[in-house]
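Quick note: the sequence shown uses numbering that gives the first Met the number 0, first residue 0, plus one each step.
Heads up, the beta-carbon is just placed ideally off N, CA and C, and yes, glycines get one too.
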Amino acid sequence: MTREAGIEKTYLKVRGRWCYLYRAMDRNGDLVDTMLSEHRDMAAAQAFFRSANSATGIVPEKVTTDGHGSYPRAIRSMLGKRVTHRTSAYRNNGLEQDHRGIKGRIRCMSGFKSFTSAERFCRSYDELRNHLRPQVRHNQHVSASRRRVLHLRRTQSALAILVAG
């Protein structure tokens with residue numbers, strides 16, 4: 000995570016039940032971490048902050064969330080008391096809009112039959128989508144020809160990783 004991070008959750012259907020997809024993005028709009036949970040409680044929030052912190056090794060200065068009651072205690076216990084917790088309906092709009100990609104892909108699938116396959120799909124989909132993203136910085140203009148070149152390079156590197164695995 001960079002010095003500022005936004006945490007957001009959305010809902011997905013797994014085995015006919017709603018589950019929570021936690022996602023964290025940094026200030027530049029880059030994906031930090033994702034986690035699928037069957038519950039939205041203190042244990043899930045702590046697990047998500049622990050996972051995001053171990054993925055980056057950086058403790059953010061500010062974390063913006065939707066204001067759920069478990070976030071303040073989870074932030075204090077997992078990230079420390081120096082981290083500023085903000086709740087704002089508007090600061091996470093970019094992250095809210097970013098849910099469209101995964102929601103659009105899942106909608107045509109009509110949910111998942113297994114929690115592990117849902118978790119694997121959400122993590123890999125978000126990571127691949129973030130890897131193929133054309134923008135280097137938030138709100139930076141990238142020309143169509145440059146986006147095409149970047150997309151082809153990133154696609155080739157993703158395919159090379161898949162072939163090697």
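Ranked by Cα distance from Asn27, the first of Ile160, Arg132, Cys18 is Arg132. Put simply, the segment 44-54 does not touch the segment 140-156. Fewer than three CB pairs are less than 8 Å apart. Secondary-structure assignment with DSSP links Phe111 through a beta bridge to Val13.
When DSSP reads this structure, Ser36 sits in a beta bridge with Tyr19. Boundaries for His140: no beta strand (DSSP E) harbours it, and the DSSP string shows neither H nor E there. Membership of Arg49 in the alpha helix (DSSP H) is indicated by the continuous run 41-55. Looking at the DSSP output, Ala4 bridges to Asp25, Val62. Ranked by how close their Cα comes to the Cα of Gly56, the residues Val148, Leu78, Met108 have Leu78 in first place. Contact check for Thr86 and Lys61: beta-carbon distance about 11 Å, past the 8 Å limit, so the pair fails to qualify. Nearest Cα to Arg146 within the set Ala159, Leu158, His130: His130. Nearest neighbour of Glu7 by Cα position, chosen from Arg119, Arg72, Glu126, Ala44, turns out to be Ala44. Ile74 and Ser116 have their C-alpha atoms spaced approximately 28 Å apart.
Taking C-beta separations shorter than 7 Å and ignoring five residues to either side along the sequence, the partners of Ser76 in its chain run Gln45, following chain order.
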